[in-house]
């Protein structure tokens with residue numbers, strides 16, 4: 012499931028689709044393992060494709076969330092996850108212009124406690 016997300020002025024995660032937010036909340040309440048991936052586009056050009064369009068550099072960060080615990084994903088682990096075909100488990104080449112980065116610590120909080 013893909014959705015747009017942003018950090019608001021309070022550094023809180025805001026999702027563009029209320030249904031996705033409810034779904035994520037439900038998974039977290041159940042203790043289901045959730046992976047959160049953030050793609051951040053830059054204005055830096057990685058390369059120009061065959062049609063003459065600039066392809067921007069994309070930074071990728073990831074987190075695993077389970078039982079209320081958030082674990083940032085290191086760049087190497089994100090690379091390993093992102094460069095495997097999910098259906099076959101076979102390695103695939105990295106997407107051009109993608110830079111896998113170390114994620115930073117996140118803290119989950121219950122809105123009722125804020």
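Numbering (our numbering), first residue to last: 12 to 125.
All residues carry an ideal CB built from backbone N, CA and C; glycine is no exception.
Remember, predicted model here, so these are calculated numbers, not experimental data.
Beta carbon of residue 67, beta carbon of residue 93: below 8 Å? Not in contact: residue 67 and residue 93 (Cβ atoms no closer than 8 Å).
Sub-8 Å separation of residue 52 and residue 45 beta-carbons: In this structure, residue 45 does not lie closer than 8 Å to residue 52 by Cβ.
Given that a residue counts as buried once 16 or more other Cβ atoms are within 10 Å of its Cβ, and exposed if not, what is residue 72? By the neighbour-count rule (16 or more Cβ atoms within 10 Å), residue 72 is buried.
Which residue from 89, 64, 50 and 62 puts its Cα closest to that of residue 75? Of 89, 64, 50 and 62, the residue nearest in Cα terms is 89.
Distance, Cα to Cα, residue 115 vs residue 84? C-alpha separation (whole angstroms): 8 Å.
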